[in-house]
Every structure is written in C-alpha cells, then in structure tokens.
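Student: For reference, the structure I am asking about is given below.
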Amino acid sequence: MARRSTSEISLRSVCPIAAALDAVGDRWTLLILRDLLLGKTKYNEFLGADEGIPTNILADRLLRMQRQGLIEKSAYQDNPPRYAYSMTKKGRDLRFVIGALAMWSKEYVPSVRINETLRRIVMTGR
C-alpha cells in the first residue's frame, strides 16, 4: 500500500478532488513543479519564470512543498547556504496532472503553446 503523507495539508472534506486542491491547488505549486520537471533546481531559476513569483511566496511554497513531501532540498553551497531542489516520487507523480492541464489548455485556450520538453517528460516520464 502506498504511504500517505498529509503533513501540512488541512483537508476541507474527504473528497479526493478537494484534497488534491488543498495540496497543490494554489496559484504557484504546479508551476514550481513544472519548472522542476523542466530541469530548474535553484531558487533564482524559479524566480526567473515568466509568471513572476514574488520571493516571499516562492520561499513559502518551497517550504510547504517540502513539508508535504513533494520536493526535497540539498545543500550545494555552504557559505552562504544555497540549496538545490528536486522532486520526490510523490511530486514526480504529479507530472500526469500537469500534462493533462497542459493538453486541456492547448485544446481550449487560444495562443497556448506546449513546451516540447514538458510534453516529452509527461509522455515518457523522462
């Protein structure tokens, strides 16, 4: 049986859609996961995304995502401390959700373009 981690997730109901939205349904979490899928690993790389996430929100989301078990961080520099972020299995499994949202948007939202690297990762897992 899969391990279930609900740390830092406050559930409104037992509905699986509501629970998923409680975990990743804010404005930024799926975009950070998208960037991780595309190979970004560092704080400043996330800040460089077109969507323009504010620094305080980014720091909060990275911490929240760690507590939820979606990502983990590892130090790559000691002075000053700097960290690289990577997805856990739990986070990587959301690639299908990200892919489904991307395909839906491509179909129904004018002017949307799908990043080919993201398409390949979603379809093949690599």
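Residue numbers for the sequence shown follow this note's numbering, so the first one is 139 and each next one is one higher.
The beta carbon of each residue, even a glycine, is placed where N, CA and C say it ideally should be.
Predicted model only: the values in this text are computed from it and were never measured.
1. Quick one: which unbroken beta strand (DSSP E) runs of 3-plus residues sit fully inside the stretch 168-216? Chain order, please.
2. Could you give the DSSP three-state label for Ser243: helix, strand or coil?
3. Would DSSP call Arg251 helix, strand or coil?
4. According to DSSP, Ala222 sits in a beta bridge with which residue or residues?
5. Let me make sure I understand the geometry here. Which of Ser212, Gln215, Leu175 has the alpha-carbon closest to that of Arg257?
6. Quick one: give me the first and last residue of the alpha helix (DSSP H) that Leu159 is part of.
7. Give the secondary structure of Arg230 by DSSP, where H, G and I count as helix, E and B as strand, and everything else as coil.
8. On a Cα-Cα basis, can you pick out the residue from Arg202, Trp166, Leu232, Ala156 that is closest to Ala187?
9. Taking the alpha carbon of Ala240 as the reference point, which residue from Glu254, Tyr223, Ala158, Ser151 has its own alpha carbon closest?
10. Could you tell me how far apart the beta carbons of Gly229 and Leu171 are, in whole angstroms, since I believe they sit closer than 8 Å?
11. DSSP three-state label for Leu149, please.
Tutor: Reading it off the structure:
1. Segments of the beta strand (DSSP E) lying fully in the stretch 168-216: 209-215.
2. helix
3. coil
4. Lys180, Ser212
5. Per the Cα distances, Leu175.
6. Leu159 -> alpha helix (DSSP H) spans 154-162.
7. Three-state DSSP puts Arg230 in a helix.
8. Nearest C-alpha to Ala187: Trp166.
9. Glu254
10. 6 Å
11. Looking at Leu149 - three-state DSSP - the assignment turns out to be coil, as it is neither helix nor strand.
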